[in-house]
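Beneath this line is the structure, given in structure tokens, with notes to follow.
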Ligand SMILES: Cc1ncc(COP(=O)(O)O)c(C=O)c1O
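Numbering (the working numbering), first residue to last: 287 to 688.
Laid out in structure tokens, this is it:
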């Protein structure tokens with residue numbers, strides 16, 4: 287049998303994809319599954335944007351819409367992104383400091399494979415987004431976990447951060463607002479990470495997928511604190527809400543962006559043309575942009591609050607932190623699961639099979655989350671979210687009762 291690269295086995299596959307497959311199987315059997323698993327927004331992109339695009343699709347003279355685009359994306363699309371960052375209160379970057387990518391996922395792979403060499407240590411918070419560990423390990427890097435304890439509102443502790451970077455790391459990955467916890471990194475932690483990065487000479491990879499979905503507090507712009515050391519990963523999958531159109535971007539120092547651009551060329555050749563067109567129209571129409579963000583926030587806050595009150599009402603012994611941003615609540619079910627021999631993976635499977643509710647096992651986000659579930663409020667109606675939590679509570683209670 288011909289061989290293969292065993293490092294591929296370190297790519298274990300996204301747990302959301304796995305739950306999706308199970309859910310599809312159940313749906314075929316006629317089961318109506320409540321989706322507390324996916325980070326896909328339950329709203330559509332703005333109607334006005336879709337109308338303009340529909341007209342473009344019918345314009346026979348518009349050959350460009352179907353063409354290959356430049357590797358880093360169209361200049362005007364990158365210019366629109368640069369203007370948007372500034373108007374959101376973020377950094378002032380040149381369009382040549384931006385590469386548009388096929389979604390945040392490609393941005394993550396392109397960035398990590400640009401900077402990681404075999405043996406490099408990379409700091410991840412425990413818990414953090416499950417997408418980073420497999421890529422780091424596939425590239426031969428080693429994950430150094432820094433705990434972000436629930437009791438601290440999922441903020442990392444200064445002494446842990448200092449200790450983790452003491453022996454030399456290539457990068458620290460920060461997701462803010464965070465998936466799975468909804469935590470916004472504090473200004474103080476951001477400052478510390480930025481100062482350490484400059485002092486020790488490591489990269490800060492900041493994932494800003496949820497930067498416009500902030501409900502309380504302020505998004506901290508790490509690039510402004512350490513511009514020579516920061517690479518920022520972004521996506522248009524969350525706001526404006528077209529994950530299937532695969533568009534994201536990276537910004538950072540121009541010299542390294544030039545290298546990310548070449549990796550991206552090998553991966554996808556160029557980002558999708560229609561999504562670039564959509565984003566350019568969306569970002570340049572400031573009224574449309576800002577009103578859509580407002581609507582998206584309202585949509586999420588209504589669902590977040592429904593989820594939180596349901597957890598408080600039905601699972602009073604569950605521990606969680608109210609998310610200040612993103613689309614998720616990380617709920618700790620230790621008081622229900624301890625002594626049962628079950629972990630979050632067993633719980634998520636039972637929840638889907640017995641109660642028709644999909645959620646993501648916490649264990650994928652880091653070693654501290656073995657008895658936690660990530661619940662998404664991105665998609666379902668407030669009523670179905672409450673019902674999903676009620677069913678989870680029923681299952682958790684029955685386990686505790688033996
Ligand atoms: C924190 C974070 N980064 C990156 C991604 C990947 O984004 P995309 O869907 O655009 O590939 C996601 C998707 O859920 C995410 O939550």
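All C-beta atoms, glycine included, are put in the ideal place defined by N, C-alpha and C.
Buried or exposed: which applies to residue 693, given that a residue is buried once 16 or more other Cβ atoms fall within 10 Å of its Cβ?
Lying before the first or after the last residue shown, residue 693 is absent from the chain, which here runs from 287 to 688.
Quick check on the DSSP output: the beta strand (DSSP E) that includes residue 537 runs from which residue to which?
534-537
C-beta contact flag for residue 501 and residue 610 at 8 Å:
yes
Can the beta-carbon of residue 528 be found less than 8 Å from the beta-carbon of residue 564?
yes
Classify residue 295 as helix, strand or coil using the three-state DSSP reduction.
helix
Using a Cβ-Cβ cut-off of 6 Å (strictly less than) and excluding sequence neighbours within five positions of residue 450, which residues of its own chain qualify?
409, 430 and 432
Sequence ranges, alpha helix (DSSP H) only - wholly within the stretch 482-534, length at least 4
508-511
Residue 461 CB to nearest heavy atom of ligand 1 below 7 Å
yes
Could you have a look at residue 302 and say whether DSSP puts it in helix, strand or coil?
helix
Exposure label - residue 598; buried when at least 16 CB within 10 Å:
exposed
Which residues does DSSP list as the beta-bridge partners of residue 647?
659
For ligand 1, is there any heavy atom lying closer than 7 Å to the beta carbon of residue 684?
no
Would you identify the three-state DSSP class for residue 378, choosing helix, strand or coil?
coil
Pick from 542, 467, 584 and 533: whose alpha carbon is nearest that of residue 605?
467
Helix, strand or coil at residue 321 according to DSSP, with G and I counted as helix:
strand
Report buried or exposed for residue 459, applying the criterion of at least 16 other Cβ atoms within 10 angstroms of its Cβ.
buried
Determine the DSSP secondary structure at residue 611, reduced to helix, strand or coil.
strand
Here's the rule: buried if 16 or more other CB atoms are within 10 angstroms of the residue's CB, otherwise exposed. What is residue 361?
exposed
Return yes when the C-beta of residue 394 is under 7 Å from any heavy atom of ligand 1, and no when it is not.
yes
Going by DSSP, what residue range makes up the beta strand (DSSP E) through residue 416?
Per DSSP, residue 416 belongs to no beta strand (DSSP E) and is neither H nor E.
Okay, do the stretch 319-332 and the stretch 664-676 touch, 3+ Cβ pairs below 8 Å being the bar?
yes
Let me make sure I understand the geometry here. Which of 635, 473 and 531 has the alpha-carbon closest to that of residue 503?
473
What residues match up with residue 314 in a beta bridge as DSSP calls it?
DSSP output for residue 314 lists no bridge partner at all.
Nearest-angstrom Cα separation, counted from residue 654 out to residue 289
36 Å
Just to check, is the beta-carbon of residue 238 closer than 7 Å to a non-hydrogen atom of ligand 1?
This structure gives no information on residue 238, because the portion of the chain shown stretches from 287 to 688.
Below 7 Å, is the gap between the Cβ of residue 529 and the nearest heavy atom of ligand 1?
yes
Below 6 Å CB to CB, which residues in the same chain sit around residue 659 once its five sequence neighbours on both sides are set aside?
617, 630, 645 and 648
From what residue to what residue does the alpha helix (DSSP H) around residue 371 run?
361-373
Assess, as a yes-or-no matter, whether the stretch 388-395 is touched by the stretch 623-637 under the definition of 3 or more beta carbon pairs within less than 8 Å.
no
Say whether the stretch 538-553 touches the stretch 334-347, bearing in mind that this needs 3 or more beta-carbon pairs closer than 8 Å, one atom from each stretch.
no
Please return the same chain residues whose Cβ sits closer than 7 Å to the Cβ of residue 353, not counting the five positions on each side in sequence.
559
Pair within 8 Å by beta-carbon distance, residue 601 and residue 679:
yes
Between 315, 316, 326 and 314, which has its C-alpha nearest residue 302's C-alpha?
326
Assuming the contact rule is C-beta atoms closer than 8 Å, residue 496 and residue 465 should be a hit. Round their C-beta distance to whole Å, please.
7 Å
One question on the structure: do residue 535 and residue 379 come within less than 8 Å of each other, judged by their Cβ atoms?
no
Give, in chain order, every unbroken run of the alpha helix (DSSP H) that is at least 4 residues long and sits entirely within the stretch 320-350.
333-343
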